[in-house]
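Peer 1:
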């Protein structure tokens, strides 16, 4: 990690409610016991706070000050429509979720001080890749790329999207594994389930050899359709997420310019699924 200043990048911890302080310290204890963080003497520091989620609190570090001085890494990112065009129409699909994907990457010793954060009980720093740093997605991306490089041709979409076309399988087979954030997608156009299982074995073996773990409860194997990049992709092509249809059907009548812009932005995003939208648009010209 590189920064553009030699000065300490520090923001003081702000006050939390007693309940939130307890949540933070319980989380600190859990992370220390797991060997993911340690106490810090770094001159840097970011404040820590809680964000309420449906099930539990989420711990967040305000790395904005650090990110403002970080030298950003940029990566080429292909368009979503190009990625979907490549992946749709396969016969078998599998999806694997990396278990706490960022935490499976160790920080370099020289970069650990930049991850320091403040808590009600003092300063701590990460031994693994934390979320919130501006270069964390690129670092994670590069790590996955190195692991799968000899299996695939790599490309990126949004923050992290990796795909590979296997060259070692049957000539009639297109076996591809894709990683979006911490998800890995494997799909084949071959109808042979054995061939798909062979591709899965290759990907899982590679992850095992590099001590990567997947979260079994979030894995899906050998299905004809999977959710991917906000749509559903399967044997019959691409279809819109039904939840988006429900949102549009229940959308309140726009009454201001900003509300209308919000609705039109959503409609334009999914217009490729509307078979009657073009005639309707032409009729208004």
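In UniProt numbering, the protein residues as written are 1 to 285. Even glycine gets a Cβ: it sits at the ideal position worked out from N, Cα and C. Please read all numbers here as calculations on a predicted model, not as lab measurements.
Does the beta-carbon distance from residue 135 to residue 73 come in below 8 Å?
Peer 2: Yes, the pair counts as a contact, with Cβ atoms nearer than the cut-off.
Peer 1: How about the segment 1 to 17 and the segment 64 to 73: do they share at least three Cβ pairs that are nearer than 8 Å?
Peer 2: The segment 1 to 17 vs the segment 64 to 73: in contact.
Peer 1: So residue 96 is in the beta strand (DSSP E); what residue range does that whole segment cover?
Peer 2: It spans 92 to 97 - the beta strand (DSSP E) in which residue 96 sits, taken as one unbroken run.
Peer 1: Ordered along the chain, which non-local residues of its own chain (more than five positions away) have a Cβ less than 6 Å from that of residue 249?
Peer 2: Hits under 6 Å: none found.
Peer 1: Classify residue 92 as buried or exposed, calling it buried when 16 or more other Cβ atoms lie within 10 Å of its own Cβ.
Peer 2: That one is buried.
Peer 1: Rounded C-beta distance between residue 120 and residue 59? I'm assuming under 8 Å.
Peer 2: Actually they do not touch by this definition, with Cβ atoms about 12 Å apart.
Peer 1: Report yes or no: do the segment 42 to 55 and the segment 7 to 19 share at least 3 C-beta pairs separated by less than 8 Å?
Peer 2: Cβ pair count under 8 Å is three or more, so yes.
Peer 1: Going by the beta-carbon positions, is the gap between residue 222 and residue 193 smaller than 8 Å?
Peer 2: Yes; because the gap between Cβ atoms is below 8 Å, this pair is in contact.
Peer 1: Going by DSSP in three states, residue 101 sits in which element: helix, strand or coil?
Peer 2: Helix.
Peer 1: Please report the residue range of the alpha helix (DSSP H) in which residue 23 lies.
Peer 2: Looking at the DSSP string, the run of the alpha helix (DSSP H) that includes residue 23 is 18 to 33.
Peer 1: For residue 288, which residues in the same chain have their Cβ closer than 6 Å to its Cβ, ignoring the five residues on either side in sequence?
Peer 2: With the chain running from 1 to 285 in the structure shown, residue 288 is simply not present.
Peer 1: Measuring alpha carbon to alpha carbon, tell me which of 246, 207, 255, 133 ends up nearest residue 99.
Peer 2: For residue 99, the nearest C-alpha among the options comes from 207.
Peer 1: By the DSSP assignment, the beta strand (DSSP E) with residue 231 in it spans what residues?
Peer 2: Residues 231 to 234.
Peer 1: Tell me the rounded alpha-carbon separation between residue 234 and residue 190.
Peer 2: Taking the straight line from one Cα to the other gives about 13 Å.
Peer 1: Could you check where the alpha helix (DSSP H) with residue 69 kicks off and where it finishes?
Peer 2: Start and end: 64 to 69.
Peer 1: Quick one: Cα of residue 31 to Cα of residue 186, how far?
Peer 2: The alpha-carbon atoms of residue 31 and residue 186 are separated by roughly 32 Å.
Peer 1: Report buried or exposed for residue 247, applying the criterion of at least 16 other Cβ atoms within 10 angstroms of its Cβ.
Peer 2: The residue is exposed, with fewer than 16 neighbouring Cβ atoms inside 10 Å.
Peer 1: For residue 264 and residue 253, what's the separation of their Cα atoms in angstroms?
Peer 2: Approximately 12 Å, taken between the alpha carbons.
Peer 1: May I ask which residues mark the beginning and end of the beta strand (DSSP E) holding residue 122?
Peer 2: It spans 122 to 126 - the beta strand (DSSP E) in which residue 122 sits, taken as one unbroken run.
Peer 1: Between the alpha carbons of residue 130 and residue 111, how many angstroms are there, rounded?
Peer 2: Their backbone Cα atoms lie some 11 Å apart in a straight line.
Peer 1: Skipping 5 residues on each side, what residues in its chain have a beta carbon closer than 8 Å to that of residue 231?
Peer 2: Around residue 231: 84, 238, 239, 240, 241.
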